[in-house]
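For the protein sequence lines, the chains are A and B, in the order given. Numbering that gives the first Met the number 0 numbers the first residue of the first sequence as 0 and each following residue consecutively. Numbering that gives the first Met the number 0 numbers the first residue of the second sequence as 0 and each following residue consecutively. This report refers to the structure that appears directly beneath it.
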Amino acid sequence: MTVASPTDFEPKGLQPEGWLKYFSFSLDHKVIGLQYLVTGFIFYFIGGALAGVIRMELTSPISDFVSRETYNEVLTLHGTVMIFLWIVPVVNGAFGNYLIPFYVGARDMAFPRLNAVAFWLIPPAGILLIASYFIAGGAAQSGWTAYPPLSLTTPAIGQVIWILSVLLLGGSSIFGGINFIATILKLRRPGLKLMQLPMYCWAMLGTSILVVLSTPVLAGTLILLSFDIIAHTGFFNPALGGNVVVYQHLFWFYSHPAVYIMVLPAFGLVSEILPVHARKPLFGYTTMVYSILAIVVLGLIVWAHHMFTSGTPPWMRLFFTIATSFIAVPTGIKFFNWLATLWGGKLALNSAMLFSCGFIINFVFGGITGVALAQVPFDIHVHDTYFVVGHFHYIVYGGTVFVIFASVYHWYPKFTGRLLNEDLGRLHFLLTFIGFNLCFTPQHWLGLNGMPRRVAEYDPSFTTLNQVSSVGALLMAISTLPFLINVIWSAYAGQIAGDNPWNALTPEWLTASPPPVENWLGEAPLVTHPYDYGIPEGKIDLRVASGADLWFGGKR
Amino acid sequence: MGLVLVGLWVGQNVQLLPIDASSNAPVYDSLFQVLFSIGTILFIGIVGLVLFSLVRFRRRPGDLADGLAIEGNLPLEIVWTAIPAIVVLFVGIYSYDIYERMGGMVALNDHSAMHHSSEMMQASAGPSSTNTEGEGIAIEPRVWAGIGSSGSSEGSMPVEVTAMQFAFIFHYPDANITSGELHVPVNRPVELRMKANDVIHAFWVPQFRLKQDIIPGQPTVLSFTATRAGSYPIVCAELCGPYHGGMRSTVVVHEEEAFNKWFETNAPAKPAPTVASASLTPTA
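Spelled out as structure tokens, the structure:
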């Protein structure tokens, strides 16, 4: 009897080496993670250009920059690209694939081939979606929500391609979710307990549960919608006895959890970044874990707050108001824990820390307007207005995108072995923070005072604030330049980082930068205290202690 | 404590909303004030903490030490779980109260809604309405009440609203007036019976703090009482197609006498439905 060694199954030469591997069907979780990240950034710039078209159109109160049909195509594509091709793939796919195997002490994800399939569904879906703009009839025009009957009456080909593209991306998301659940629960290194995992693992576990439970509902709904368009069935067509509110329920059953699919991983990433740069343990590990689980459970039962004006029964309005408001409690716990993590630390004011703090400030603002929006009477007035646009961008841009940038600054040394330039990084932060707030704060006032969302023309009295908002958008566009220069320049000429430039304790830093295939040359390290920073009270740090400290026992 | 005072002051004195012109707008505004005060206190407090930490606890050059190894503090964590829970519970109950005062908690198909439902079904010309009456089977024609439907008491003026791509059309069944603008008297309840012809639209008057989706296949009732004379925009707030941004109209709130005058001058001498086509185009 012979025992086959792993090399027998994996003949050399099948996987390309060097830069070519990033364009291949690679099975290495780190390669796949970076594939997700770079692809995500490409779509971020496309989505950003679309946002530029929207802000350009809104500098004047009349529809003069693009045609009205084009404007609706642009806003539909902007929403779809940013959600399904940028934020969801990057916070889940990119960082999840790169970090989770390290954190559980595994050499790869549980299903490497499924992982590669999940990534390679994204480029065709994205190209399909963008290409639909150039066909006859154009892209979908009914918003990323695709409410019938509007989505049944707009040009059919664009809408069907939109559905196909979202189905592919949803499939990719489900494959990823299954893979993360299996990896976190089944591939942990022997001896590593669940409550010893870094917080990002918990965030990804919660997120993946949401993905697996809710994305199939969206898929089924969109398939029914495509039947209505292609085969003229009447599921959602009131003229044929269908019901449009049913579509809204099914759509939001996915699309509200989708917000948590976008922000929970960001919460996890911040929980990794803050302790390292504050040199303190993560405050309240256990309550952090339980608040993630609470957000997962509550996130599944709040969807109808998107439909308070749709003719929902009163008891439903009351129930969803209270359920939605209560999400503020676990979310609040997480924010207070982060503040306590900062308190009394030794904060390195680098780009990763600044973007994380920017995230805290923006998200708190978005959270406060979110609790207000959960109140039915408040929502009745501002539903479907620019107030909601402002709130939503504070959550997903001020929240998640800020965290994505913080994470890039934090993990770039691991990805490449080189540090990013901190001066350019701080400039990037400053421009982004100012531009973002300039762009989205005025939109709250616009919404309160009568500007609905998704319009190409508006009341002339709103012109000034819309122009301010557009200037903010321009600043945000400019802010990507120092970032791009930094990322490309540092890859070749950045300062050599070494294996562990931040002196961090989580397992991805306990190997080479960039890490070898299969992550560790020897056995995976067993990290049972991922946040074991700081000096316990009553002890003395030998690196900074003077003789007098030792003599007086540090109690001077 | 100073923070609380600042929050209360901001809530009382910073006016972000348009003027109030309906009976439920002041109720709404008091909720807004409470939310705005609480929000200001929380936001300033947390931003202050972050900024203070960033300055006070920044790492000095050459300092390589770690911070204190504090992993948690149970009493503290209980406190900051309890405080948001209490605040949220208070806000929830308060907004429920506000909502009830705005008339949003009326059950569907209750007496007042049923009272109008047969008229509604005739207005929407559904073939089912005649069938149900003929067979006597109690298939209740369903009216989807919007907010403020409890205000539909006696003496309220009915107006039929038809939303279509891309206009609102208002029809006064009492006098057979059809108009592209909504004219209502001040201080008298108005009951809008709304239906949509093609896609979902939404009827929004920012100064009334009222919004209701108009969904094809679902006749909907919305009641309000205007309290301030003037002209206010009616805005479609649900993406309805290319000209969604242009789907606007005006609600003109008249004093009682001026309204009666308008009502008389615009009422057709004889019931002649064709008059309608003359004033179909929205004036906004």
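Backbone N, C-alpha and C define an ideal beta-carbon position, used for all residues, glycine too.
Nearest-angstrom Cα distance between residue i and residue j?
i	j	result
B:V189	A:I160	45 Å
A:L167	A:I294	27 Å
B:V49	B:V78	19 Å
B:F35	A:G365	13 Å
A:M203	A:P506	17 Å
A:L281	A:V407	20 Å
B:V9	B:P205	22 Å
A:V103	A:L504	14 Å
A:Y526	A:Y284	It should be noted that the sequence gives Val, not Tyr, for residue 526 of chain A. Whole-angstrom Cα-Cα distance: 15 Å.
B:A201	A:F325	28 Å
A:W143	A:G343	44 Å
A:Y146	A:H305	12 Å
B:D212	B:Y98	17 Å
B:M120	B:G216	Because B:M120 sits at a pLDDT of 43, beneath the cut-off of 50, its placement in the model cannot be relied upon, and the following sentence gives the value as read from the coordinates. Cα to Cα, B:M120 sits roughly 11 Å from B:G216.
A:K345	A:I360	20 Å
B:P284	A:D531	Absent from the structure is residue 284 of chain B, since the part of chain B shown begins at 0 and ends at 283.
B:T264	B:S22	28 Å
A:G175	A:A476	31 Å
A:Y97	A:K29	5 Å
B:P157	B:R187	11 Å
A:V73	A:L49	6 Å
B:C235	A:I321	28 Å
A:H231	B:G240	20 Å
A:Y21	A:G310	50 Å
B:A106	A:H248	For B:A106, the pLDDT reaches just 45, beneath the cut-off of 50, and the residue's location in the model is therefore unreliable, although a value from the coordinates is still provided. Taking the straight line joining both Cα atoms gives about 20 Å.
A:P500	A:Y199	20 Å
In chain A, which residues lie with their C-beta within 7 Å of the C-beta of residue i?
i	result
B:T249	The contacting residues do not exist; B:T249 stays about 12 Å from chain A at best.
B:T80	V328 and I332
B:M101	P376
B:E237	D383
B:V3	Simply none; closest approach about 16 Å.
Could you work out which residues of chain B lie near residue i, taking near to mean beta carbons separated by less than 7 Å?
i	result
A:I564	Any answer about residue 564 of chain A is impossible in this case: the structure gives chain A only from 0 up to 555.
A:Y457	G244
From the DSSP output, which residues share a beta bridge with residue i?
i	result
B:H253	B:P184
A:I484	DSSP, once it has assigned bridges, lists no residue as partnering A:I484.
B:G229	B:V252
B:D212	B:A201
B:C235	B:F202
Check the Cβ-Cβ distances between residue i and every residue of chain B, and say whether any is below 9 Å.
i	result
A:R316	yes
A:S141	yes
A:L447	yes
A:P88	no
A:T431	no
A:F461	no
A:A371	yes
A:N499	no
A:V534	Checking the sequence, you will find Ile at residue 534 of chain A rather than Val. It does; some Cβ of chain B falls within 9 Å.
A:L281	yes
Determine the chain B residues that contact residue i at a beta-carbon separation under 9 Å, and present them in chain order.
i	result
A:W444	L15
A:T527	Under the 9 Å cutoff, chain B gives no residues; its nearest Cβ is about 14 Å from A:T527.
Kindly list, in the order they appear in chain A, the residues whose Cβ is closer than 8 Å to that of residue i.
i	result
B:K210	T308, I379, H380, H382 and D383
B:S230	Here the premise fails: no neighbours, minimum Cβ distance about 13 Å.
B:V46	I360 and V363
B:S94	T320, Q374, V375, P376 and F377
Looking at the C-beta of residue i, does it have a partner C-beta in chain D at a distance below 9 Å?
i	result
B:M156	Chain labels in this structure do not include chain D; the protein chains are A and B.
9 Å is my cut-off, CB to CB: does residue i come that close to chain A?
i	result
B:N72	yes
B:W203	yes
B:E256	no
B:Q217	yes
B:N130	Confidence at B:N130 is low in this model, with a pLDDT of 37, below 50, so its placement is unreliable and the value that follows should be read with caution. It does not; no Cβ of chain A falls within 9 Å.
B:V252	no
B:G10	no
Counting only Cβ pairs nearer than 8 Å, list the residues of chain B close to residue i.
i	result
A:E68	P241
A:A277	F56 and G66
What in chain A is Cβ-close to residue i, meaning under 9 Å?
i	result
B:I285	Past the edges of chain B, shown from 0 to 283, lies residue 285 of chain B, and the structure says nothing about it.
B:L221	Residues of chain A passing the Cβ test: none, with the nearest at roughly 10 Å.
Original post:
Of all the residues that make up the stretch 161–190 of chain B, which are near chain A by a beta-carbon distance shorter than 7 Å?
Top reply: none
**OP:** Could you run through the stretch 335–356 of chain A and flag, in chain order, every residue whose CB is less than 7 Å away from some CB of chain B?
**Re:** F335, L338, L341, W342, G343, G344, K345, L346, A347, L348 and C356
Original post:
Which of the residues in the stretch 195–226 of chain A, read from start to end, lie with their CB under 9 Å from any CB of chain B?
Top reply: none
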